[in-house]
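The next block holds one structure in the form of structure tokens; read it before the comments.
Spelled out as structure tokens, the structure:
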């Protein structure tokens with residue numbers, strides 16, 4: 005199942021994060037891309053993931069996020085050993101926690117893994133664990149929404165100092181819940197409705213940006229709410245059959261959005277170091293980052309994902325004796 009509006013929004017979300025780093029954080033609203041990603045993740049899990057078995061879901065999500073993230077992390081570590089990244093340091097503990105999505109405080113006091121943008125994957129991985137548990141009990145959406153809500157409430161009532169507990173009770177988790185609700189409970193449709201929702205989301209975002217109302221403590225409200233509105237609006241427009249073919253090129257970038265998200269920091273850092281921060285330099289860096297993302301997607305992310313998917317399907321096939329019809333009462337359940 006492929007949602008063209010979701011592909012477009014993935015591309016937009018990744019580009020917003022790139023713009024945030026190209027501006028050295030001055031374009032604060034660029035961070036809004038992460039909130040769009042979280043809502044999208046909840047929607048996709050509630051739409052596609054809810055139809056899968058718990059083992060299949062866990063394997064697919066691991067195959068989706070782990071290989072490229074591990075490659076990026078290990079690449080950074082190897083390069084740092086040769087002095088390429090002077091400010092990048094790691095040890096066995098930080099490497100293990102980064103690779104296995106265990107939140108921890110880094111040397112600056114932030115809850116960041118070695119690849120800083122991977123902080124969002126700590127949230128994603130935790131959400132996947134909860135969703136897998138929901139699949140095991142046969143109620144993935146209800147269980148996940150209820151559990152996420154309880155955890156966030158606990159985080160508001162109890163001041164946790166532990167890095168894992170801060171992540172696992174963060175209000176940002178509600179953005180995944182919003183996506184889940186868009187998958188099952190709230191399904192707007194129609195061009196006028198869709199445009200209204202998108203317009204309202206953008207308007208709220210513009211007011212928050214113009215009046216500098218953003219604050220991490222209520223990010224899930226000032227960015228999470230418009231993210232949910234924009235995703236809902238895009239889906240409503242698509243359901244109405246009013247999606248424009250002119251958007252196809254940007255949709256294609258949605259495929260490479262994960263690669264763009266993980267790798268863009270390197271060309272941005274190198275480009276600013278050697279080319280400066282001019283508009284021309286940033287445009288060149290953007291082109292390089294996008295080209296690197298497509299290269300990563302087609303040369304690594306896509307083929308590795310297909311290989312792992314085939315291995316997972318093979319692992320679920322019946323034993324040869326059963327497949328040949330020995331000692332079975334009915335047709336084999338393959339796949």
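Numbering (the numbering used here), first residue to last: 5 to 339. Every residue, glycine too, gets a C-beta built ideally from N, C-alpha and C. Every value quoted in this text rests on a predicted model; they were computed, and no experiment measured them.
Same chain, Cβ closer than 7 Å to residue i, five either side skipped, listed in chain order
| i | result |
| --- | --- |
| residue 20 | 34, 36, 37 |
| residue 333 | The predicted position of residue 333 is uncertain, since its pLDDT is 39 and thus under 50; a value taken from the coordinates is nonetheless stated next. Answer for residue 333: no residue qualifies. |
| residue 188 | 50, 145 |
| residue 31 | 23, 24 |
| residue 147 | 137, 138, 141 |
| residue 299 | none |
| residue 128 | 45, 69 |
Distance between beta carbons of residue j and residue i, contact taken as under 8 Å
| i | j | result |
| --- | --- | --- |
| residue 172 | residue 130 | 6 Å |
| residue 231 | residue 175 | So it is not a contact: roughly 13 Å between Cβ atoms. |
| residue 106 | residue 48 | 24 Å between Cβ atoms; not a contact. |
| residue 201 | residue 228 | The Cβ separation is near 15 Å, so there is no contact. |
| residue 26 | residue 254 | That belief does not hold up - the Cβ atoms of residue 26 and residue 254 are roughly 18 Å apart, past 8 Å. |
Cβ neighbours of residue i in the same chain (closer than 6 Å, five flanking residues each side left out)
| i | result |
| --- | --- |
| residue 257 | 15 |
| residue 18 | 261, 264, 265 |
| residue 132 | 65 |
| residue 43 | 179, 182, 183, 231, 232, 235 |
| residue 84 | 92 |
Closest residue to residue i among the options (Cα-Cα distance)
| i | options | result |
| --- | --- | --- |
| residue 4 | 190, 67, 302, 207 | No information on residue 4 is available, as it lies outside the stretch 5 to 339 that the chain covers here. |
| residue 181 | 126, 213, 124, 156 | 156 |
| residue 178 | 291, 45, 22, 64 | 45 |
| residue 153 | 141, 124, 184 | 184 |
| residue 94 | 117, 166, 190 | 117 |
| residue 150 | 165, 161, 134, 160 | 134 |
| residue 191 | 115, 127, 252, 243 | 243 |
| residue 100 | 253, 77, 221 | 77 |
| residue 314 | 281, 54, 63, 249 | 63 |
| residue 89 | 283, 270, 6 | 270 |
| residue 186 | 80, 278, 239 | 239 |
9 Å Cβ cutoff met for residue i and residue j
| i | j | result |
| --- | --- | --- |
| residue 262 | residue 68 | yes |
| residue 108 | residue 163 | no |
| residue 289 | residue 272 | yes |
| residue 205 | residue 233 | yes |
| residue 102 | residue 119 | yes |
| residue 296 | residue 267 | yes |
| residue 124 | residue 61 | no |
| residue 275 | residue 292 | yes |
| residue 115 | residue 170 | yes |
Beta carbon proximity, residue i to chain D, threshold 9 Å
| i | result |
| --- | --- |
| residue 45 | Here chain D cannot be found, since the structure has a single protein chain. |
Sequence-distant residues of its chain with Cβ nearer than 8 Å to residue i (five each side left out)
| i | result |
| --- | --- |
| residue 247 | 8, 9, 241 |
| residue 217 | 211, 226 |
| residue 71 | 304, 305, 308, 309, 312 |
| residue 213 | 32, 33 |
Next item on the list: Can you check the segment 216 to 271 for any beta strand (DSSP E) of at least 3 residues that lies completely inside it and give the ranges in chain order?
Entry: The qualifying runs do not exist here; there are none.
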